[in-house]
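Everything below concerns the one structure shown next.
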Amino acid sequence: MRYETVIGLEVHCELATDSKIFCSCSAHSYGAEPNTHVCPACCGMPGMLPIVNKRVVDYGMKAGLMLNCHINRVTTFDKKSYYYPDLPSAYQTTQWFAPVAVNGLVEIETSEGKKGIRIKQIHMEEDAGKLVHDIREDTTHVDFNRTSVPLIEIVSQPDLSSAEEVEAYLERLKALLRYARVAECEMAHGTMRCDVNLSVRPEGSDKLGVRTEMKNMNSIEAIKRAIEYETARHIDAIENGTEVLVQETRRWDDIKGKSYAMRSKETAGDYRYFPDPNVMPVVIDDEWFDSIQASLPEFPEVKREKYTTELGLSDYDAEQIAKSIALCECFEDAYSVCGNAKDAANWMISEVMSNLNARQMTYDMLTLDGKALGELISLVSGNKVGRANAKKILNAMFDDAAVVPSKYAEENGFIISNDTGLMDKVIKTMVEADPKAVADYKGGKEKAIMAIYGKCMKELRGNCDPQMLRTKLIEYINSL
Amino acid sequence: MEFYFEKVNTSLDKKIVADDMLLTKGIPTTAGSRMLDGYVSLFEAEVLTRLTNAGYGLCGKASVGELAIDLLGETSYKGACVDENGKILNPVAEIIKSGDAMAGICLDANGYVRRAAAQYGLVSVKPTYGTVSRFGMIPVACSGDCVSVMAESASACRDILDAMAGHDDKDGTSLPESKCALLKKSAPVVEIKRVAVITDMLCCDDTVNSAVNSLVAKLEADGIKVDRIENDLIKKSRNAWNILMSAELCNNVSRYDGVKYGYRSNNFTSIDELYTNSRTEAFGDFLKAAILFGSDTLSTENYMRVYDKALRVRRLICEEFGKLFKEYDAVLMPACSAMAYSIDAVRANKDMPYTENLYTAPASITGLPAVAFEGVQLICNYFNETSLLALCEKLEKEGK
Numbered sequence: 001m002r003y004e005t006v007i008g009l010e011v012h013c014e015l016a017t018d019s020k021i022f023c024s025c026s027a028h029s030y031g032a033e034p035n036t037h038v039c040p041a042c043c044g045m046p047g048m049l050p051i052v053n054k055r056v057v058d059y060g061m062k063a064g065l066m067l068n069c070h071i072n073r074v075t076t077f078d079k080k081s082y083y084y085p086d087l088p089s090a091y092q093t094t095q096w097f098a099p100v101a102v103n104g105l106v107e108i109e110t111s112e113g114k115k116g117i118r119i120k121q122i123h124m125e126e127d128a129g130k131l132v133h134d135i136r137e138d139t140t141h142v143d144f145n146r147t148s149v150p151l152i153e154i155v156s157q158p159d160l161s162s163a164e165e166v167e168a169y170l171e172r173l174k175a176l177l178r179y180a181r182v183a184e185c186e187m188a189h190g191t192m193r194c195d196v197n198l199s200v201r202p203e204g205s206d207k208l209g210v211r212t213e214m215k216n217m218n219s220i221e222a223i224k225r226a227i228e229y230e231t232a233r234h235i236d237a238i239e240n241g242t243e244v245l246v247q248e249t250r251r252w253d254d255i256k257g258k259s260y261a262m263r264s265k266e267t268a269g270d271y272r273y274f275p276d277p278n279v280m281p282v283v284i285d286d287e288w289f290d291s292i293q294a295s296l297p298e299f300p301e302v303k304r305e306k307y308t309t310e311l312g313l314s315d316y317d318a319e320q321i322a323k324s325i326a327l328c329e330c331f332e333d334a335y336s337v338c339g340n341a342k343d344a345a346n347w348m349i350s351e352v353m354s355n356l357n358a359r360q361m362t363y364d365m366l367t368l369d370g371k372a373l374g375e376l377i378s379l380v381s382g383n384k385v386g387r388a389n390a391k392k393i394l395n396a397m398f399d400d401a402a403v404v405p406s407k408y409a410e411e412n413g414f415i416i417s418n419d420t421g422l423m424d425k426v427i428k429t430m431v432e433a434d435p436k437a438v439a440d441y442k443g444g445k446e447k448a449i450m451a452i453y454g455k456c457m458k459e460l461r462g463n464c465d466p467q468m469l470r471t472k473l474i475e476y477i478n479s480l
Numbered sequence: 481m482e483f484y485f486e487k488v489n490t491s492l493d494k495k496i497v498a499d500d501m502l503l504t505k506g507i508p509t510t511a512g513s514r515m516l517d518g519y520v521s522l523f524e525a526e527v528l529t530r531l532t533n534a535g536y537g538l539c540g541k542a543s544v545g546e547l548a549i550d551l552l553g554e555t556s557y558k559g560a561c562v563d564e565n566g567k568i569l570n571p572v573a574e575i576i577k578s579g580d581a582m583a584g585i586c587l588d589a590n591g592y593v594r595r596a597a598a599q600y601g602l603v604s605v606k607p608t609y610g611t612v613s614r615f616g617m618i619p620v621a622c623s624g625d626c627v628s629v630m631a632e633s634a635s636a637c638r639d640i641l642d643a644m645a646g647h648d649d650k651d652g653t654s655l656p657e658s659k660c661a662l663l664k665k666s667a668p669v670v671e672i673k674r675v676a677v678i679t680d681m682l683c684c685d686d687t688v689n690s691a692v693n694s695l696v697a698k699l700e701a702d703g704i705k706v707d708r709i710e711n712d713l714i715k716k717s718r719n720a721w722n723i724l725m726s727a728e729l730c731n732n733v734s735r736y737d738g739v740k741y742g743y744r745s746n747n748f749t750s751i752d753e754l755y756t757n758s759r760t761e762a763f764g765d766f767l768k769a770a771i772l773f774g775s776d777t778l779s780t781e782n783y784m785r786v787y788d789k790a791l792r793v794r795r796l797i798c799e800e801f802g803k804l805f806k807e808y809d810a811v812l813m814p815a816c817s818a819m820a821y822s823i824d825a826v827r828a829n830k831d832m833p834y835t836e837n838l839y840t841a842p843a844s845i846t847g848l849p850a851v852a853f854e855g856v857q858l859i860c861n862y863f864n865e866t867s868l869l870a871l872c873e874k875l876e877k878e879g880k
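Chains U and H are the protein sequences, given in the same order. The numbering of the first sequence is our numbering, which starts it at 1 and goes up by one. The numbering of the second sequence is our numbering, which starts it at 481 and goes up by one.
Below you can see the structure in the form of structure tokens.
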């Protein structure tokens, strides 16, 4: 018999807000010393009250709209009770009854074509802390830096049927949420985590099989391996009766390449959800909703399409720029000022990207003012600044956002003077200093002139029109 | 037998005592529970900050019953305060009566403040929910918890209300300043003209009944129209409140697990045992019963049938009061079934706080303001408590 795998995902994404969801502690503690980003509120001390970070709701709404969800205009927070040492108040504030977004759809593309994956809901919640196990001392330490860091949990319907689709889906979520600048979605940083719900059924059947859940998967490769392993295990159980499948939570051991049932004690229990009386229902009025909708970016494929058809960029260039919304915005601003899409794209792909790489920054971290970049490009194309000097200016712009290209060029003597008197003088000096090159050139070695040309350009500190310099140099040599 | 949980030196004339539900910096706060023995908060209750700024001096903290859900404080881990006849004494009221403090600042979660004020002939006011910050109060039942004032006179209650009411950004349920300002002394006062006595609530002993009759006579003598009306919905507040309060309480005390602060059992070999044994050893019987009940109401099996239904009853009761306040300026009812409780009776009948709150649950579940005065309780519409206190002041003057 042939089987199909039915997969639903619960994806947790850390929201990229500055502060935590219910207090003003910094939400960014990746790599920080333990318990340095904490306050009495996120440590669960009695007497502190949760104050909703409005930015979290903004981001929750943006995520919902990016995934084509319906936004609940009255959204509420609820308490979920369970005991674990990394949860200091013994409850997690989450959304159970009225999550911010419901009924969405995400389109993915795989080798088998396009497919829509339905989103059941997106809810906002607080993260828990971390336990640090000290094997030498046989003790466990608690780090609350991560408690109350805002998350969204994106719950899909069981519409996925292969590891390839899961990968495409996760990549799509990452692309869309990054485009909306609501989440980093970097599994390696723990800013995207995934619970995989999986069952197997005979192909064509409309009944779901016994479902198992693998929690807290944190790499796409591990997820793919786990899906393959679980699918095989389920089929083996059904076909060969190797074991009785039960609905359970399993832990994936990526080193051994196996999944293990968790002790029932760890998973049993009743979360006793109820509305949090300390958090008033959040009412999203039209003005708020409209402002969020207006702030949404175009989708990556829309950008790509626009860049190739409207602006005439090559597929490769469009693809490169559309990799990040920050690149897109910088490019579009630069183009709006310089008026030449091809030039702007070249600068983005060669100079801007290499500056980011040299600084070990991701594309999303780009904060360069695109309009200023456009001005710089215009200075070069208008023969006002030489290309080598323009690169120096761009470097300065990366170092200091306040740098204005034209002003910086003037202050540093980068403006092409086209002072023909000076140019003639320099040409004369350099030609006289290198009679061998002149002789070679006259003897037919055209390239011999380039050495003199380079020296002239250097002497003029790059501040001349290259074409003019070349013409004048040839004229001078020919006149000798 | 100690009325003071902790005494504090103050040179200020306007002395106040706080119950041990208010967090104080540098002074322990235990909520009457062994679980928090020795716990010192990193921050102070917003009301105490406001009162200090207004020139009031804290002279001490009074003992409370464990998590302030009992009758008068008898479940404190420090032991019950009783007189030689076995009558239960309330520490806050005793401290006010002794002249040490002009007023007590207390958390009214299950009505103990109103019961104490009524039995001691003091005045108390539980203000409109949301007008006084709950920041820095040990949480019990957050949807009903109210910082309340107990004092010798209605005018003292008004003074303190004036100083402590106001919007607080640190409390997400705090009302806007424009609403809180209605509790200030500068806000206009409306005359109380019509009062309803709900006869269904008069299931109390003769001492309480005579207090009701005596106040009714005074009101009528002042030209206030008093109607005795039947209403069997208001008394249903009790069961609904017991469900909501216990559920919220269960959730709020789950943070006391022996891991981070407070009591930790010496006897454990695993994290589960650490939780279980710490809580078993540190919590008192009545709190444990409340936790079990509360936990059960929130179970998947019972949620819709019990907890959700209690929320619906809360809505109905709010609407019922809304109807009553179209006709009446205030509703009069007892604050307790008797003018004294004996410790023996309470020990024999351990669920008394779950029955005796018949009188206090209506204002707790609705967040309506309630004033205990001359042994009984007056409930009025939101933001009208100053009018009610003004009436009490007038009656106080006439009585002199």
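Backbone N, C-alpha and C define an ideal beta-carbon position, used for all residues, glycine too. As the structure is a prediction and not an experimental result, all values here were calculated from the model.
Taking the Cα positions, Leu-177/U is about 22 Å away from Thr-147/U. Here the alpha carbon of Leu-198/U sits roughly 21 Å from the alpha carbon of Asn-103/U. Chain-order list of chain H residues neighbouring Arg-225/U: empty, with the shortest C-beta distance near 31 Å, by a criterion of under 8 Å. Taking 8 Å as the upper bound for CB-CB distance, Ser-521/H and Lys-505/H are in contact here, some 6 Å apart. Cβ-Cβ distances below 6 Å link Lys-659/H to nothing in the same chain once the five nearest sequence neighbours on each side are left out. For Asn-747/H, no pairing in a beta bridge is given by DSSP. Partner residues in the beta bridge of Gln-857/H, as assigned by DSSP, are Met-813/H, Ala-852/H. In the structure shown, Phe-274/U adopts extended strand secondary structure according to DSSP, grouped into three states. Among the residues facing chain H, Met-262/U is not included, as its CB has no counterpart in that chain under 8 Å away. Between the stretch 580 to 588 of chain H and the stretch 534 to 549 of chain H there are three or more C-beta pairs closer than 8 Å, enough to call the two in contact. Within the stretch 690 to 702 of chain H, not one residue has a Cβ closer than 9 Å to any Cβ of chain U. Across the stretch 748 to 771 of chain H, CB contacts with chain U closer than 7 Å involve Ile-751, Tyr-755, in sequence order along the chain. Shown here, Pro-150/U sits in a strand according to DSSP, grouped into three states.
Taking every protein chain shown into account, the CB of Glu-332/U has 16 or more other CB atoms within 10 angstroms, so this residue is buried. Taking all protein chains in view, the Cβ of Asp-143/U is crowded by 16 or more other Cβ atoms within 10 Å, so the residue is classified as buried. Per DSSP, His-647/H is not a residue of any beta strand (DSSP E), being assigned neither H nor E.
By alpha-carbon distance to Lys-495/H, the top candidate from Leu-531/H, Ile-797/H, Tyr-557/H, Ser-556/H is Leu-531/H. Contact between Leu-373/U and Ala-334/U holds: their C-beta atoms lie close to 4 Å from each other, under 8 Å.
With a cutoff of 8 Å on beta-carbon distance, Ile-325/U and Tyr-229/U are scored as not near each other.
Within chain H, no residue has its beta carbon less than 9 Å from that of Lys-130/U; the closest one is some 14 Å off. Nearest Cα to Arg-638/H within the set Ser-844/H, Lys-874/H, Thr-866/H, Leu-871/H: Thr-866/H.
Per DSSP, the beta-bridge partners of Pro-508/H are Val-520/H.
Cβ-Cβ distances below 7 Å link His-647/H to Ser-654, Leu-655, Pro-656, Glu-657, Cys-660 in the same chain, with the five nearest sequence neighbours on each side left out; the list follows chain order. Within chain U, the residues Pro-277 have their CB atoms less than 7 Å from the CB of Glu-728/H, given in chain order. The criterion of a C-beta distance shorter than 8 Å is satisfied by Ile-452/U and Val-431/U. Interface criterion not met: the Cβ of Ala-98/U is under 8 Å from no Cβ in chain H. Nearest Cα to Val-11/U within the set Tyr-476/U, Gly-190/U, Glu-446/U: Gly-190/U.
Excluding sequence positions up to five before and after Asn-355/U, its CB lies within less than 6 Å of the CB of Phe-398, all in the same chain and listed in chain order. For His-141/U, the uninterrupted beta strand (DSSP E) segment begins and ends at 139 to 143. Arg-201/U: member of the beta strand (DSSP E) spanning 192 to 202, first to last residue. Residue pairing of Trp-96/U in beta bridges, as defined by DSSP: absent, with no partner found.
Close CB contacts of Cys-730/H within its chain, under the 6 Å cut and outside five residues either way in sequence, are with Ile-771, Gly-774, Ser-775 (chain order).
In this structure Val-6/U is buried. Its beta-carbon is surrounded by 16 or more other beta-carbon atoms within 10 angstroms. A distance below 7 Å between beta-carbons, with the five flanking residues on each side excluded, links Leu-49/U to the following residues of its chain, in chain order: Asn-278.
Between the stretch 739 to 753 of chain H and the stretch 785 to 801 of chain H there are fewer than three inter-stretch CB-CB distances shorter than 8 Å, so the stretches are not counted as touching.
Rounded to the nearest angstrom, the gap between the Cα atoms of Phe-615/H and Met-515/H is 21 Å.
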